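The next block holds one structure in the form of structure tokens; read it before the comments.
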Amino acid sequence: MTDTYPTARPTDATYLDEDLDLPTELLNTPWIDGHNHAHTLSYEDRERYALSGCAGMVMVSSGYHWTPYKPVRASDIRYLWDDAINRRAAIERNHFFEAKLGLGIHTGVRIEDPDAVLEAMDEYCELDEVAVVGETGVTPSQHVEAWDLDEQRAVVEAQMGIAADHDLPVILHTPNTSPPAKRSYRPELATPGYEKNPGLGTEPVIDGDNPALEAVKIDVAAAHDAGLPEERVIASHADENNTAYLMEETDCYLSYTIGHSWLVGVDAATVANAIDEYGPERIMIDTDCANVLRTDPYAIKRAILELYRYGIDADDIRTVVWENPKRVLGFEE
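Count the sequence shown with my numbering and you get residues 43 to 375, in order.
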């Protein structure tokens with residue numbers, strides 16, 4: 043580019059010392075969202091995924107938010123799975139990205155008869171479109187009615203055993219430790235952007251100073267007992283509270299959920315810091331976009347650019363958003 047400009051007086055451009063060698067390949071880097079609930083979103087939201095370069099996703103049909111009755115019955119969970127199976131092919135056909143499924147039993151609400159749905163899970167996991175079991179994992183407290191910790195762990199371990207039998211990975215719902223709020227909302231209004239009644243939360247079933255981290259440790263122990271290798275465990279919603287443990291004491295993959303950073307405080311800077319400290323080999327990112335939450339289908343595309351701005355190499359970014367999820371979640375070509 044020219045060093046002089048026909049401007050009336052010098053502009054900023056005059057003082058630039060060198061041309062930037064920008065990684066324009068990042069504009070076309072394919073990416074995979076390994077954990078969302080896109081089948082609950084609008085057509086327009088899924089189109090935003092496609093327009094921003096999404097090549098594949100795992101739509102997780104494990105979530106108590108869509109089962110209006112509490113406690114939840116096994117038939118309610120089966121309905122969620124069946125609904126996702128029913129819609130998957132049409133979603134893939136409409137938007138051109140590869141759509142796989144995650145089927146699991148979430149412990150955020152007590153299930154009345156979990157054995158009935160566990161018995162059915164084995165047959166569901168034989169389907170080609172099922173890429174992962176989950177999301178699941180022990181949670182410190184439930185919605186409406188508490189679920190005994192030992193019972194939760196048994197249900198989680200049973201799912202991990204089924205995943206091991208079918209050589210499928212498991213997505214863990216690792217509890218986040220949200221940053222302190224700058225100011226509280228009126229209690230009767232709760233948190234705007236999250237369409238859930240927080241006043242119905244139960245007392246924690248895990249004691250201690252750090253129940254969120256303790257839940258993750260219980261899940262890892264359950265994986266051992268179920269015969270599921272740690273490298274087949276994807277700790278979704280990873281954050282600064284559990285990163286050191288998972289990276290230094292396990293072989294699990296970490297997936298940082300950046301689709302609702304306003305709520306949990308995890309964003310591209312969090313991911314960049316983890317890459318700096320531990321490398322990109324076991325790191326992924328996901329959006330967790332769902333219709334009960336203010337989320338951003340563009341989050342991963344934004345993060346691709348933001349990670350480079352934070353100093354992460356383009357090759358490492360590709361590893362995190364494409365190579366790792368493609369391999370771990372079975373999107374191999």
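Just so it is clear, CB atoms sit at the ideal spot from N, CA and C, and this is done for glycine as well.
Just so we're clear, the structure is a prediction, and the values are computed from it rather than from any experiment.
Anticipated Cβ contact below 8 Å, residue i with residue j, distance rounded
{"i": "residue 275", "j": "residue 265", "result": "5 Å"}
{"i": "residue 144", "j": "residue 202", "result": "The Cβ separation is near 14 Å, so there is no contact."}
{"i": "residue 366", "j": "residue 281", "result": "Contact flag wrong, Cβ pair sits at about 18 Å."}
Inter-residue Cα distance where the pair is residue i and residue j
{"i": "residue 349", "j": "residue 291", "result": "26 Å"}
{"i": "residue 46", "j": "residue 347", "result": "30 Å"}
{"i": "residue 131", "j": "residue 125", "result": "11 Å"}
{"i": "residue 356", "j": "residue 318", "result": "13 Å"}
{"i": "residue 75", "j": "residue 156", "result": "28 Å"}
{"i": "residue 81", "j": "residue 133", "result": "8 Å"}
{"i": "residue 226", "j": "residue 240", "result": "13 Å"}
{"i": "residue 268", "j": "residue 198", "result": "9 Å"}
{"i": "residue 185", "j": "residue 220", "result": "18 Å"}
Host alpha helix (DSSP H) of residue i (start-end)
{"i": "residue 123", "result": "116 to 137"}
{"i": "residue 166", "result": "156 to 166"}
{"i": "residue 185", "result": "First-last for residue 185: undefined, no H or E at that position."}
{"i": "residue 253", "result": "253 to 268"}
{"i": "residue 342", "result": "341 to 351"}
{"i": "residue 147", "result": "No alpha helix (DSSP H) contains residue 147, which DSSP labels as neither H nor E."}
{"i": "residue 384", "result": "What the structure shows of the chain is the stretch from 43 to 375, and residue 384 is not part of that stretch, so it cannot be assessed."}
{"i": "residue 359", "result": "356 to 360"}
8 Å CB neighbourhood of residue i in its chain, flanking five on each side removed
{"i": "residue 94", "result": "339, 340, 342, 343"}
Residues that DSSP places opposite residue i in a beta bridge
{"i": "residue 142", "result": "100"}
{"i": "residue 309", "result": "For residue 309, which the question treats as bridged, DSSP gives no partner whatsoever."}
{"i": "residue 326", "result": "297"}
{"i": "residue 277", "result": "214, 296"}
{"i": "residue 243", "result": "185"}
N- and C-terminal bounds of the beta strand (DSSP E) containing residue i
{"i": "residue 75", "result": "73 to 78"}
{"i": "residue 192", "result": "Premise fails: residue 192 lies in the alpha helix (DSSP H), 191 to 207, not in any beta strand (DSSP E)."}
{"i": "residue 177", "result": "172 to 178"}
Cβ-based neighbour list, residue i, same chain, cut-off 6 Å, excluding 5 preceding and 5 following
{"i": "residue 191", "result": "247"}
{"i": "residue 309", "result": "300, 303"}
{"i": "residue 289", "result": "320"}
Beta-carbon proximity list for residue i, same chain, < 7 Å, skipping 5 on both sides
{"i": "residue 370", "result": "211, 276, 295"}
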